[in-house]
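Undergrad: Residue numbers (the UniProt record's numbering): 1 to 316.
Take a look at this one; I'll ask things after.
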């Protein structure tokens, strides 16, 4: 089978207050705000991209912050926990850091041989930090978190579903994933089985369906190399009966969308062209960047959006 999918590209969540959102992901977690733009489908709402130094695929957690949004509810048919990868000896640092800022954090747990902690952001977003020695990415070495403890990118994601069989077929037959193992009600899949490509399916047969709002994941995007491989994925998915959208230009990548059988919104996003096409690398995320079609509305959009800033002084 031709390799068309190589892991997770980005994960996009719904958030509440925009400034609190920036404070948490840049300040507390030490990710870089690599792009400040708008939700292309709702131009009066920000779209923030947080990641490593350049926002490389596999590192970017993105948010649509709706000020005043009510809190969502975790449940079935959702991606309930986003897991980030950290160094093998970094758990103690992160436990101390999260507690320093008043963030409740779980005891150290073990899953598939790796230790991890679980916590939530200010909106209730489910997050995990998984310590491992299999990840050679550097994270953002210029950030205010010590380089050896910086978040390297995604480790993986947990899909909370009532059944796995049809989703497993999608992952394994059409998306280059293979089965890695099972622990209790959790089933693990990967492309190469390394941090950045892990997808866990947790079975919750009697669970209530999730309610999407602040603190919940909107969609998960998977990596494909370029437009040609994306079109091939689109063809394969359509051939097997998935309701796939047309290709949509997101400026920094091209996207197609469809729902997997359990209800989670999947996206296939190209690695190209990346976030440096409209800003210098050292100034990523500083200015509000708009797609060309929205530039004529910039004065109105800027008036509607609340002012936000990255201020790391209180998080050092």
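Here a beta-carbon is modelled for each residue, glycine too, at the ideal position from N, C-alpha and C.
Which residues in the same chain have their Cβ closer than 7 Å to the Cβ of residue 105, if we skip the five residues on either side of it in sequence?
TA: The sequence position of residue 105 within the chain shown is 105, counting from 1. 95, 98, 99, 117 and 119.
Undergrad: Residue 143 to residue 26, Cα distance in whole Å?
TA: As a position in the chain shown, residue 143 is number 143, starting the count at 1. As a position in the chain shown, residue 26 is number 26, starting the count at 1. Their backbone Cα atoms lie some 9 Å apart in a straight line.
Undergrad: Answer with buried or exposed for residue 140, where buried requires no fewer than 16 other C-beta atoms within 10 angstroms of its C-beta.
TA: As a working mapping, residue 140 is identified with position 140 in the chain shown. Per the 10 Å Cβ criterion, buried.
Undergrad: So is residue 14 buried or exposed if we call it buried at 16+ other beta carbons inside 10 Å?
TA: Counted from its first residue, the chain shown places residue 14 at position 14. The residue in question, residue 14, is buried, as its Cβ has 16 or more Cβ neighbours within 10 Å.
Undergrad: At what residue ranges does the UniProt domain "VOC" (7 to 132) contain a whole run of the alpha helix (DSSP H), taking only runs of 4 or more?
TA: Counting only runs of 4 or more, we get 18 to 22 and 91 to 100.
Undergrad: Looking at C-beta atoms only, is the number of pairs between the stretch 33 to 49 and the stretch 256 to 269 that lie closer than 8 Å three or more?
TA: Segments in contact, no.
Undergrad: At what residues does the beta strand (DSSP E) containing residue 268 begin and finish?
TA: As a working mapping, residue 268 is identified with position 268 in the chain shown. From DSSP, the beta strand (DSSP E) with residue 268 extends over 265 to 270.
Undergrad: Run through the DSSP bridge pairs and tell me what residue 200 is partnered with.
TA: Sequence index remark: in the chain shown, residue 200 carries index 200 (1-based). Paired residue(s): 158 and 188.
Undergrad: Judging by CA-CA distance, which residue of 288, 298 and 251 is the nearest neighbour of residue 277?
TA: The count along the chain shown starts at 1 and reaches residue 277 at position 277. The shortest Cα separation from residue 277 among 288, 298 and 251 belongs to 251.
Undergrad: Starting from residue 220 and walking both ways along the beta strand (DSSP E), at which residues does that stretch end?
TA: Locating residue 220 in the chain shown gives position 220, counting from the first residue. That run of the beta strand (DSSP E) goes 216 to 224.
Undergrad: If you check the beta carbons only, do residue 240 and residue 178 fall under 8 Å apart?
TA: Counting from one through the chain shown, the residue named residue 240 turns up at place 240. Counting from one through the chain shown, the residue named residue 178 turns up at place 178. Not closer than 8 Å, so no.
Undergrad: Nearest to residue 263 by CA position, among 65, 210 and 229, is which residue?
TA: Taking the chain shown and counting its residues from 1, the one referred to as residue 263 is at position 263. Checking every option, the nearest Cα to that of residue 263 belongs to 210.
Undergrad: Count the other CB atoms, across all protein chains shown, that sit within 10 Å of the CB of residue 223; report buried if there are 16 or more and exposed otherwise.
TA: Residue numbering aside, residue 223 sits at position 223 when the chain shown is read from its first letter. Under this definition residue 223 is a buried residue.
Undergrad: Answer yes if the stretch 74 to 82 comes into contact with the stretch 26 to 44, meaning at least three C-beta pairs across the two stretches below 8 Å, and no otherwise.
TA: As far as the Cβ criterion goes, the stretch 26 to 44 does not touch the stretch 74 to 82, which means the pair count is below three.
Undergrad: Determine the DSSP secondary structure at residue 170, reduced to helix, strand or coil.
TA: In the chain shown, residue 170 corresponds to position 170, counting from 1. Of the three classes helix, strand and coil, the one that applies to residue 170 here is helix, per DSSP.
Undergrad: Give the DSSP-derived three-state secondary structure of residue 314 in the structure shown.
TA: As a working mapping, residue 314 is identified with position 314 in the chain shown. If DSSP states are grouped into helix, strand and coil, residue 314 belongs with the helices.
Undergrad: For the alpha helix (DSSP H) containing residue 229, list its first residue and its last residue.
TA: Translated into positions along the chain shown, residue 229 becomes position 229. Residues 227 to 239.
Undergrad: Please determine, among 55, 112 and 126, the residue with the shortest C-alpha to C-alpha distance to residue 73.
TA: For the purposes of this step, residue 73 is taken as the residue at position 73 of the chain shown. Looking at the Cα atoms, 126 is the closest of the given residues.
Undergrad: For residue 206, does the count of other Cβ atoms within 10 angstroms reach 16, so buried, or fall short, so exposed?
TA: Counting from 1 along the chain shown, the entry for residue 206 is found at position 206. Exposed.
Undergrad: Determine the contact status of residue 10 and residue 60, defining contact as a CB-CB distance below 8 Å.
TA: Translated into the one-based positions of the chain shown, residue 10 becomes position 10. Translated into the one-based positions of the chain shown, residue 60 becomes position 60. Yes, these two residues count as a Cβ contact at 8 Å.
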